[in-house]
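Those protein sequence lines, which keep their order, are chains A and B.
Reading the first sequence from the start, the letters are residues 1 to 343 in our numbering.
Reading the second sequence from the start, the letters are residues 344 to 686 in our numbering.
Every residue gets a Cβ at the ideal spot worked out from N, C-alpha and C, and that includes glycine.
Scroll down for the structure; my scribbles are underneath it.
2 protein chains.
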Amino acid sequence: MESLTERQQLILSLVVREYTDTATPVSSRALVEKYGLDVSPATVRNDLAALTEMGYLRQPHTSAGREPTEMGYRYFVQRLIGETELPIAEQNTITHQFYQARGDIEQWMRLAASVLAQHGRGASLVTAPRQERARFKHLELISTHGRLVLLVLVLSGGEVRQQMLTLAEPVSQEKLSAIAQRITALCVGKDAEAVLAQVAGASTFEQEVIRLVAEMLRKSEEISAGDVIRDGVANVLAEPEFASSETARQALRVLEERTYLEQLLSKAVSSSVGGVQVVIGGDNAWQELREFSMVLARYGVPGYATGALGVFGPQRMPYGRAISTVRFVAGLMSNLIYEIYFE
Amino acid sequence: MESLTERQQLILSLVVREYTDTATPVSSRALVEKYGLDVSPATVRNDLAALTEMGYLRQPHTSAGREPTEMGYRYFVQRLIGETELPIAEQNTITHQFYQARGDIEQWMRLAASVLAQHGRGASLVTAPRQERARFKHLELISTHGRLVLLVLVLSGGEVRQQMLTLAEPVSQEKLSAIAQRITALCVGKDAEAVLAQVAGASTFEQEVIRLVAEMLRKSEEISAGDVIRDGVANVLAEPEFASSETARQALRVLEERTYLEQLLSKAVSSSVGGVQVVIGGDNAWQELREFSMVLARYGVPGYATGALGVFGPQRMPYGRAISTVRFVAGLMSNLIYEIYFE
DNA sequence: ATTGGCACTCTCGCTTCGAGAGTGCTAACG
DNA sequence: CGTTAGCACTCTCGAAGCGAGAGTGCCAAT
């Protein structure tokens with residue numbers, strides 16, 4: 001495949017830009033007039049024809065303008081991904097908002113979702129930060145009513161997990177506290193496997209608790225769609241791509257169903273922190289995403305706790321805005337989480 | 344206004360039933376043929392005309408069939424609301440599922456949302472059960488890194504709340520535990536106000552913790568949209584009412600935005616537990632809901648913890664199914680929560 | 001390599017038209 | 001008086017036809 005001339009690159013990016021604005025096929029004349037090119041429409045047409053030939057653009061029908069193909073978007077994004085930055089003013093506004101909600105992770109997530117949805121002009125997804133290696137920090141057993149006991153487990157990252165537990169027979173709160181303290185001493189700093197190894201030599205009841213704790217630790221390492229925060233879903237439906245209720249439904253299903261989300265987010269997981277990953281049209285891997293795109297990034301402190309966040313929209317998406325916003329918010333969240341761990 | 348004859352009532356309910364199935368205006372002939380009425384279409388037409396005159400039905404245009412008005416739905420629902428029951432077989436299936444997830448409130452909520460969405464054929468909403476009067480049960484202070492402390496508060500209902508706290512200077516875990524124990528002894532069983540009253544006579548740091556705890560208790564009594572679980576949103580978009588993306592967007596916005604939800608749910612709050620509330624077309628109060636309907640109910644143990652759940656859909660909604668499902672699920676959730684409190 | 005000119009193609013919105021569905025009305029009937 | 005058959009009338013819906021407009025592709029000239 002031949003490479004693109006300077007002007008062809010320019011024209012390709014202009015087509016993408018114009019098309020993301022107007023959502024209608026872009027004509028040669030429109031390009032010349034709107035962007036003040038100093039060549040004639042006919043010249044532009046030649047380049048358009050060449051770009052179409054090479055697969056970067058497509059004509060909906062013989063006598064229409066051009067719109068980008070998946071490949072076109074990919075080329076565009078590749079040129080773009082290293083460069084874009086959110087304006088300093090916006091950066092400051094956002095940072096300020098985050099520091100208002102000092103220490104409250106869930107509020108950060110909500111804020112992140114809101115910022116992503118607004119600045120990235122799409123639906124946003126933010127998963128809770130998860131321990132990469134969940135470690136035991138503290139255990140508490142609290143008697144509730146009769147034989148019902150509440151088990152509260154604190155992980156090394158400060159996350160709290162809870163679980164109900166029914167005893168064979170009532171046990172006093174003092175005894176429960178003592179047991180909890182013993183187990184805490186035994187398990188502090190250990191991961192699921194190491195905790196499970198402490199089963200030996202414990203009493204029957206303690207064994208049960210330890211098994212439960214190990215199970216909870218294990219579960220904490222999975223990325224679950226349970227704690228995913230969404231925002232801007234209604235906005236994205238305003239895009240003309242979603243005028244057909246069938247498309248809208250498909251998009252909603254992607255955003256709603258846990259299984260899809262898990263796959264998607266594991267995609268983000270495979271990218272390194274700091275890097276932004278752009279999935280255009282499902283990258284030929286997910287049929288359900290063929291018409292959509294996502295801009296994803298991981299955030300958090302590797303080795304401690306990380307999560308994923310991103311923007312979802314039609315293929316015709318303002319990639320520039322989305323990428324810079326995702327990158328910035330991911331970085332910000334990472335800093336905040338770093339501060340929790342190493343204040 | 345004259346009252347309806349026996350046959351008019353029958354015909355009205357048949358129109359509603361047929362219309363909820365087909366989503367197209369119902370003709371006199373269709374009624375006679377499908378439901379085996381032993382009168383002629385002409386007779387039915389007379390009744391249809393009367394019902395239209397009285398405002399229960401409407402004609403989209405001169406020569407179309409009839410569809411129910413809001414008033415028509417209301418009449419229909421009023422007759423229906425006392426009677427419907429979910430089939431025993433379905434009841435058992437659902438009950439079984441819930442008892443699989445013993446003790447895990449969040450999983451119950453998710454399950455409830457899923458059941459409501461499937462059986463009620465709409466989008467479902469389930470709020471977390473909230474303490475009516477949040478009472479202190481247990482406090483734990485856990486040292487994290489340096490001056491960062493994790494405050495874990497257990498409420499009388501077994502809910503767990505957490506909050507980060509930055510100290511002026513490092514304090515050892517032993518001291519923190521002692522302080523937590525002292526405050527627990529002081530505050531156990533008390534509500535926000537009574538907890539706050541314990542400020543007097545405590546050390547500076549203890550005062551800070553107590554204030555924070557009181558604040559967390561107070562917040563726990565608010566119904567927040569933060570912990571609302573949704574399901575079936577994609578399904579509801581399949582209904583022809585949402586073919587227009589404008590309507591779809593409005594529905595999504597209602598389901599997504601916190602402020603709407605809070606209003607809606609407070610509506611459910613005002614109904615007594617066990618009672619099912621049907622809001623048709625926003626009952627002239629909420630413009631945004633004019634095209635939609637909701638079937639809502641509270642669940643939980645009054646005086647301890649209650650939440651709300653419901654089904655959202657177009658006005659043309661299978662009210663029978665929705666009402667019986669909502670009633671059943673609300674009852675089931677209430678029982679489960681009762682068991683947590685009074686095992 | 002670029003450009004002006006021009007024929008060609010395809011969509012889109014508009015109108016027309018006929019079929020079909022369903023009603024309202026009237027007159028007859030038990 | 002309630003019910004019914006018959007019939008004229010109305011309105012929607014889909015198909016078909018048509019003209020305007022937009023935009024291209026190509027060719028010949030620069």
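For residue i, which beta-bridge partners are listed by DSSP?
i	result
Thr20(A)	DSSP lists no partner for Thr20(A).
Tyr378(B)	Answer is none; Tyr378(B) lacks a bridge partner.
Asp534(B)	Arg478(B)
Ile666(B)	Paired residues: none, contrary to the question.
Ala640(B)	Val619(B) and Leu652(B)
Ser377(A)	One cannot answer for residue 377(A) here, as it falls past the ends of chain A, which runs 1 to 343.
Within 8 angstroms of any Cβ in chain B, is that where the Cβ of residue i sits?
i	result
Ile323(A)	no
Ile179(A)	no
Leu217(A)	no
Gly307(A)	no
Ala285(A)	no
Glu288(A)	no
Cβ atoms of residue j and residue i: under 8 angstroms apart, would you say?
i	j	result
Leu652(B)	Phe441(B)	no
Val254(A)	Val276(A)	no
Ala456(B)	Gln450(B)	no
Glu483(B)	Ala523(B)	yes
Arg388(B)	Arg401(B)	no
Ala477(B)	Ser609(B)	no
Val576(B)	Leu237(A)	no
Glu396(B)	Lys377(B)	no
Ala128(A)	Asp227(A)	yes
Ala305(A)	Gln173(A)	no
Arg321(A)	Ala297(A)	no
Leu165(A)	Leu212(A)	yes
Leu167(A)	Arg161(A)	no
Are the C-beta of residue i and some C-beta of chain A separated by less than 8 angstroms?
i	result
Tyr684(B)	yes
Gln474(B)	no
Ala477(B)	no
His404(B)	no
Ser588(B)	yes
Lys556(B)	The sequence as given places Val at residue 556(B); Lys does not occur at that position. It does not; no Cβ of chain A falls within 8 angstroms.
Leu529(B)	no
Ala392(B)	no
Val538(B)	no
Gln541(B)	no
Leu482(B)	no
Thr470(B)	no
Leu675(B)	no
Mapping the DSSP letters down to three states, classify residue i as helix, strand or coil.
i	result
Lys480(B)	strand
Val152(A)	strand
Glu257(A)	coil
Gly72(A)	helix
Phe685(B)	coil
Met317(A)	coil
Val469(B)	strand
Arg401(B)	strand
Asp626(B)	helix
Gly618(B)	coil
Glu222(A)	coil
Ser245(A)	helix
Tyr304(A)	coil
Thr52(A)	helix
Asp447(B)	coil
Leu527(B)	It should be noted that the sequence gives Thr, not Leu, for residue 527(B). Note: Thr527(B) maps to helix in three-state DSSP.
Ser266(A)	helix
Thr166(A)	strand
Val236(A)	helix
State buried or exposed for residue i, treating a residue as buried only when at least 16 other CB atoms are found within 10 Å of its CB.
i	result
Asn578(B)	buried
Ser245(A)	buried
Arg316(A)	buried
Lys137(A)	buried
His119(A)	buried
Phe685(B)	exposed
Ser143(A)	buried
Is any heavy atom in the ligand FAD found nearer than 7 angstroms to the beta carbon of residue i?
i	result
Asp574(B)	By its list of ligands, the structure shown contains no ligand whatsoever, and the ligand FAD lies outside what it can speak to.
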